[in-house]
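Please read the structure below before turning to the comments.
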Amino acid sequence: MALLNRNIHSFIMEDTQPTHHEDGEQKRGDILSYIRTSPYLGSIIVLAAIIIGALFYFRSYFIAATVDGRIITRLSVIRRLEKQAGKNILDSLIAEKLIDIEATKKGITVSEDEIIAQIQQVRDSITGQGGTLEEELSRQGMTEADLREQVILQKKVEKILAESVLVSDEDVDAFLTQNQIVVPEQGGQELRERARVQLKNQKLSQEIDGWLSSLKNSASITYYTEY
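Here it is as C-alpha coordinates:
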(Lines of atoms letter the chains of each structure in order from A and count residues from 1; the text may use other names and numbers.)
(Lines give C-alpha, C1' and ligand atoms only; values in the text may rest on other atoms or scores of the structure.)
Protein backbone atom coordinates (compact mmCIF):
# COMPACT_ATOMS: atom_id res chain seq x y z
CA MET A 1 0.00 0.00 0.00
CA ALA A 2 2.79 2.39 0.94
CA LEU A 3 4.57 1.49 -2.29
CA LEU A 4 1.38 2.20 -4.27
CA ASN A 5 0.98 5.58 -2.56
CA ARG A 6 4.58 6.46 -3.38
CA ASN A 7 4.02 5.50 -7.03
CA ILE A 8 0.85 7.57 -7.23
CA HIS A 9 2.61 10.55 -5.58
CA SER A 10 5.55 10.17 -7.96
CA PHE A 11 3.20 10.01 -10.95
CA ILE A 12 1.34 13.15 -9.83
CA MET A 13 4.59 15.07 -9.29
CA GLU A 14 5.95 14.08 -12.70
CA ASP A 15 2.70 15.02 -14.38
CA THR A 16 2.69 18.47 -12.80
CA GLN A 17 6.36 19.33 -13.66
CA PRO A 18 6.63 21.76 -16.61
CA THR A 19 8.17 20.25 -19.72
CA HIS A 20 10.96 21.84 -21.78
CA HIS A 21 8.41 22.52 -24.51
CA GLU A 22 6.21 24.42 -22.08
CA ASP A 23 9.26 26.39 -20.90
CA GLY A 24 10.07 27.40 -24.47
CA GLU A 25 6.50 28.44 -25.17
CA GLN A 26 6.46 30.50 -21.99
CA LYS A 27 9.70 32.26 -22.94
CA ARG A 28 8.44 33.05 -26.44
CA GLY A 29 5.23 34.33 -24.95
CA ASP A 30 7.16 36.56 -22.56
CA ILE A 31 9.27 37.95 -25.43
CA LEU A 32 6.25 38.63 -27.62
CA SER A 33 4.48 40.24 -24.70
CA TYR A 34 7.49 42.46 -24.06
CA ILE A 35 7.72 43.47 -27.70
CA ARG A 36 4.02 44.32 -27.86
CA THR A 37 4.18 46.44 -24.73
CA SER A 38 7.64 47.94 -25.35
CA PRO A 39 7.65 51.73 -25.63
CA TYR A 40 10.32 51.35 -28.34
CA LEU A 41 8.20 49.18 -30.63
CA GLY A 42 7.22 52.05 -32.93
CA SER A 43 10.80 53.26 -33.21
CA ILE A 44 12.04 49.73 -33.96
CA ILE A 45 9.47 49.27 -36.73
CA VAL A 46 10.24 52.68 -38.25
CA LEU A 47 13.98 52.03 -38.10
CA ALA A 48 13.58 48.62 -39.74
CA ALA A 49 11.44 50.16 -42.49
CA ILE A 50 14.05 52.87 -43.10
CA ILE A 51 16.87 50.33 -43.33
CA ILE A 52 14.93 48.11 -45.74
CA GLY A 53 13.93 51.12 -47.83
CA ALA A 54 17.49 52.44 -47.91
CA LEU A 55 18.87 49.08 -49.00
CA PHE A 56 16.32 48.96 -51.82
CA TYR A 57 16.87 52.57 -52.89
CA PHE A 58 20.66 52.36 -52.79
CA ARG A 59 20.91 48.83 -54.16
CA SER A 60 22.67 50.14 -57.27
CA TYR A 61 25.56 51.20 -55.02
CA PHE A 62 26.19 47.57 -54.11
CA ILE A 63 24.65 45.51 -56.92
CA ALA A 64 25.69 45.83 -60.57
CA ALA A 65 23.26 43.26 -61.97
CA THR A 66 21.37 40.07 -61.26
CA VAL A 67 21.26 36.97 -63.45
CA ASP A 68 18.32 34.68 -62.72
CA GLY A 69 18.26 36.12 -59.22
CA ARG A 70 22.00 35.67 -58.67
CA ILE A 71 23.79 38.88 -57.73
CA ILE A 72 26.80 40.43 -59.46
CA THR A 73 28.21 42.99 -57.03
CA ARG A 74 29.76 46.29 -58.01
CA LEU A 75 32.83 45.24 -56.03
CA SER A 76 33.39 42.29 -58.38
CA VAL A 77 33.16 44.66 -61.36
CA ILE A 78 35.65 47.06 -59.77
CA ARG A 79 38.06 44.22 -59.02
CA ARG A 80 37.90 43.04 -62.64
CA LEU A 81 38.49 46.58 -63.91
CA GLU A 82 41.44 46.99 -61.56
CA LYS A 83 43.02 43.82 -62.93
CA GLN A 84 42.51 44.85 -66.54
CA ALA A 85 43.24 48.58 -66.46
CA GLY A 86 44.12 49.52 -62.90
CA LYS A 87 47.64 50.76 -63.68
CA ASN A 88 46.58 52.95 -66.61
CA ILE A 89 43.71 54.46 -64.65
CA LEU A 90 45.92 55.14 -61.64
CA ASP A 91 48.59 56.77 -63.84
CA SER A 92 45.90 58.95 -65.40
CA LEU A 93 44.56 60.02 -62.00
CA ILE A 94 48.09 60.81 -60.81
CA ALA A 95 48.67 62.94 -63.92
CA GLU A 96 45.44 64.84 -63.31
CA LYS A 97 46.43 65.48 -59.70
CA LEU A 98 49.88 66.71 -60.77
CA ILE A 99 48.31 69.10 -63.29
CA ASP A 100 45.92 70.47 -60.66
CA ILE A 101 48.77 70.99 -58.18
CA GLU A 102 50.94 72.75 -60.77
CA ALA A 103 48.06 74.98 -61.89
CA THR A 104 47.39 75.97 -58.28
CA LYS A 105 51.07 76.80 -57.75
CA LYS A 106 51.02 79.07 -60.81
CA GLY A 107 47.66 80.63 -59.95
CA ILE A 108 46.06 79.30 -63.12
CA THR A 109 42.28 79.04 -63.32
CA VAL A 110 39.75 78.30 -66.06
CA SER A 111 36.70 80.53 -66.38
CA GLU A 112 33.17 79.36 -67.14
CA ASP A 113 33.25 81.33 -70.41
CA GLU A 114 36.35 79.42 -71.51
CA ILE A 115 34.69 76.11 -70.71
CA ILE A 116 31.50 77.00 -72.60
CA ALA A 117 33.47 78.26 -75.61
CA GLN A 118 35.58 75.10 -75.81
CA ILE A 119 32.58 72.79 -75.49
CA GLN A 120 30.81 74.76 -78.21
CA GLN A 121 33.87 74.38 -80.42
CA VAL A 122 33.79 70.62 -79.88
CA ARG A 123 30.06 70.58 -80.59
CA ASP A 124 30.50 72.55 -83.83
CA SER A 125 33.32 70.25 -84.96
CA ILE A 126 31.20 67.13 -84.44
CA THR A 127 28.15 68.73 -86.06
CA GLY A 128 30.28 69.60 -89.08
CA GLN A 129 31.02 65.89 -89.47
CA GLY A 130 27.32 65.01 -89.42
CA GLY A 131 27.06 63.90 -85.80
CA THR A 132 25.97 65.33 -82.47
CA LEU A 133 27.86 65.93 -79.26
CA GLU A 134 25.38 63.80 -77.31
CA GLU A 135 25.86 60.84 -79.66
CA GLU A 136 29.64 61.12 -79.48
CA LEU A 137 29.63 61.33 -75.69
CA SER A 138 27.35 58.29 -75.49
CA ARG A 139 29.59 56.36 -77.87
CA GLN A 140 32.60 57.04 -75.64
CA GLY A 141 30.69 56.30 -72.43
CA MET A 142 31.00 59.90 -71.25
CA THR A 143 28.67 62.55 -69.89
CA GLU A 144 28.81 66.30 -70.45
CA ALA A 145 30.15 66.60 -66.90
CA ASP A 146 33.05 64.32 -67.90
CA LEU A 147 33.67 66.52 -70.95
CA ARG A 148 33.74 69.63 -68.75
CA GLU A 149 36.39 68.04 -66.53
CA GLN A 150 38.51 67.19 -69.57
CA VAL A 151 38.13 70.72 -70.95
CA ILE A 152 39.21 72.24 -67.63
CA LEU A 153 42.22 69.92 -67.49
CA GLN A 154 43.17 70.68 -71.09
CA LYS A 155 42.89 74.44 -70.55
CA LYS A 156 45.10 74.24 -67.47
CA VAL A 157 47.76 72.36 -69.43
CA GLU A 158 47.55 74.84 -72.33
CA LYS A 159 48.07 77.77 -69.97
CA ILE A 160 50.92 76.10 -68.08
CA LEU A 161 52.74 75.21 -71.31
CA ALA A 162 51.68 78.32 -73.24
CA GLU A 163 55.22 79.56 -73.78
CA SER A 164 56.37 76.14 -74.97
CA VAL A 165 53.70 75.79 -77.65
CA LEU A 166 53.79 79.19 -79.30
CA VAL A 167 53.09 79.03 -83.04
CA SER A 168 54.51 81.80 -85.22
CA ASP A 169 53.26 83.01 -88.59
CA GLU A 170 56.32 81.36 -90.13
CA ASP A 171 55.28 78.05 -88.59
CA VAL A 172 51.84 78.41 -90.15
CA ASP A 173 53.30 79.29 -93.56
CA ALA A 174 55.61 76.27 -93.43
CA PHE A 175 52.73 73.99 -92.44
CA LEU A 176 50.54 75.19 -95.31
CA THR A 177 53.38 74.83 -97.79
CA GLN A 178 54.35 71.33 -96.62
CA ASN A 179 50.75 70.18 -96.90
CA GLN A 180 50.28 71.95 -100.26
CA ILE A 181 47.35 73.94 -98.94
CA VAL A 182 46.44 76.96 -101.03
CA VAL A 183 45.12 79.86 -99.00
CA PRO A 184 42.25 81.62 -100.80
CA GLU A 185 41.94 85.38 -100.70
CA GLN A 186 38.51 85.10 -99.12
CA GLY A 187 38.37 83.08 -95.91
CA GLY A 188 42.13 82.67 -95.85
CA GLN A 189 42.48 83.99 -92.30
CA GLU A 190 40.10 81.34 -90.98
CA LEU A 191 42.12 78.64 -92.73
CA ARG A 192 45.36 79.98 -91.26
CA GLU A 193 43.79 80.03 -87.79
CA ARG A 194 42.75 76.38 -88.10
CA ALA A 195 46.30 75.53 -89.16
CA ARG A 196 47.64 77.44 -86.15
CA VAL A 197 45.37 75.50 -83.78
CA GLN A 198 46.45 72.19 -85.31
CA LEU A 199 50.13 73.09 -84.95
CA LYS A 200 49.56 74.19 -81.37
CA ASN A 201 47.90 70.87 -80.53
CA GLN A 202 50.77 68.98 -82.15
CA LYS A 203 53.32 70.88 -80.09
CA LEU A 204 51.24 70.38 -76.96
CA SER A 205 51.14 66.61 -77.54
CA GLN A 206 54.91 66.57 -77.97
CA GLU A 207 55.56 68.64 -74.85
CA ILE A 208 53.08 67.16 -72.41
CA ASP A 209 54.60 63.68 -72.00
CA GLY A 210 58.05 65.00 -71.10
CA TRP A 211 56.57 67.69 -68.86
CA LEU A 212 54.39 65.19 -66.97
CA SER A 213 57.33 62.81 -66.56
CA SER A 214 59.34 65.66 -65.05
CA LEU A 215 56.51 66.53 -62.65
CA LYS A 216 56.11 62.88 -61.68
CA ASN A 217 59.82 62.46 -60.98
CA SER A 218 59.94 65.54 -58.76
CA ALA A 219 56.71 64.77 -56.87
CA SER A 220 56.42 62.66 -53.72
CA ILE A 221 54.18 59.78 -54.79
CA THR A 222 53.45 56.86 -52.46
CA TYR A 223 51.82 53.73 -53.88
CA TYR A 224 49.71 51.64 -51.54
CA THR A 225 48.76 49.00 -54.09
CA GLU A 226 50.38 47.38 -57.11
CA TYR A 227 48.73 46.66 -60.45
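Its first residue numbered 0, the sequence shown is counted upward by one per residue in numbering that gives the first Met the number 0. Backbone N, C-alpha and C fix where the C-beta goes; we use that ideal spot for every residue, glycine too.
Please say whether Ala-194 and Leu-175 have beta carbons closer to each other than 9 Å?
Numbered from its first residue, the sequence shown carries residue 175 at position 176. Numbered from its first residue, the sequence shown carries residue 194 at position 195. The answer is yes: Cβ separation under 9 Å.
Cβ-Cβ distance between Ile-159 and Glu-101 below 9 Å:
Residue mapping note: residue 159 aligns to position 160 of the sequence shown, counting from 1. Residue mapping note: residue 101 aligns to position 102 of the sequence shown, counting from 1. A contact, by the Cβ cut-off of 9 Å.
Where Gln-117 falls, given that 16 or more other Cβ within 10 Å makes a residue buried
Counting from 1 along the sequence shown, the entry for residue 117 is found at position 118. By the 10 Å Cβ count, Gln-117 comes out buried.
Buried versus exposed call for Ile-70 [16 or more other C-beta atoms within 10 Å across all chains shown]:
Stepping through the sequence shown from its first residue, residue 70 is reached at position 71. It is exposed - the Cβ of Ile-70 has fewer than 16 other Cβ atoms within 10 Å.
Using the Cα positions of Ile-180 and Gln-120, report the straight-line distance between them to the nearest angstrom.
Indexing the sequence shown from 1 puts residue 180 at position 181. Indexing the sequence shown from 1 puts residue 120 at position 121. Rounded to whole angstroms, Ile-180 to Gln-120 spans 23 Å at the Cα level.
By the 10 Å Cβ neighbour count, where 16 or more other Cβ atoms means buried, how is Val-156 classified, buried or exposed?
Taking the first residue of the sequence shown as 1, we reach residue 156 at position 157. The residue is buried, with at least 16 neighbouring Cβ atoms inside 10 Å.
Can you tell me the Cβ-Cβ gap for Ala-218 and Leu-97, rounded? I've got them flagged as a contact below 8 Å.
Reading the sequence shown from its first residue, position 219 is the one you call residue 218. Reading the sequence shown from its first residue, position 98 is the one you call residue 97. At roughly 6 Å, the Cβ-Cβ gap stays under 8 Å, so Ala-218 and Leu-97 are in contact.
Just to confirm, are Glu-111 and Lys-154 a CB contact at a threshold of 9 Å?
Taking the sequence shown and counting its residues from 1, the one referred to as residue 111 is at position 112. Taking the sequence shown and counting its residues from 1, the one referred to as residue 154 is at position 155. Cβ atoms of Glu-111 and Lys-154: not closer than 9 Å.
Compare the beta carbon distance of Lys-215 and Ala-94 with 9 Å and say whether it is the shorter of the two.
Translated into positions along the sequence shown, residue 215 becomes position 216. Translated into positions along the sequence shown, residue 94 becomes position 95. Yes, these two residues count as a Cβ contact at 9 Å.
Counting C-beta neighbours from all protein chains within 10 Å, is the total for Ser-213 16 or more, i.e. buried, or is it exposed?
Walking along the sequence shown from the start, residue 213 turns up at place 214. Exposed.
To the nearest angstrom, report how far apart Gly-245 and Glu-143 are at their CA atoms.
Nothing can be reported for residue 245: it is not among the residues displayed for the chain, which extend from 0 to 226.
Would DSSP call Ala-218 helix, strand or coil?
Counting from 1 along the sequence shown, the entry for residue 218 is found at position 219. Three-state DSSP puts Ala-218 in coil, outside helix and strand.
Rounded to whole angstroms, what's the CA-CA distance from Gln-201 to Gly-140? Just pull it up for me.
Here residue 201 corresponds to residue number 202 of the sequence shown, with the count starting at 1. Here residue 140 corresponds to residue number 141 of the sequence shown, with the count starting at 1. Straight-line Cα distance between these residues: approximately 26 Å.
May I have the straight-line CA-CA distance separating Glu-225 from Lys-86, to the nearest angstrom?
In the sequence shown, residue 225 corresponds to position 226, counting from 1. In the sequence shown, residue 86 corresponds to position 87, counting from 1. Each residue's Cα considered, the two are about 8 Å apart.
Residues bridged to Arg-69 (per DSSP):
If you number the sequence shown from 1, residue 69 lands on position 70. Val-66, per the DSSP bridge assignment.
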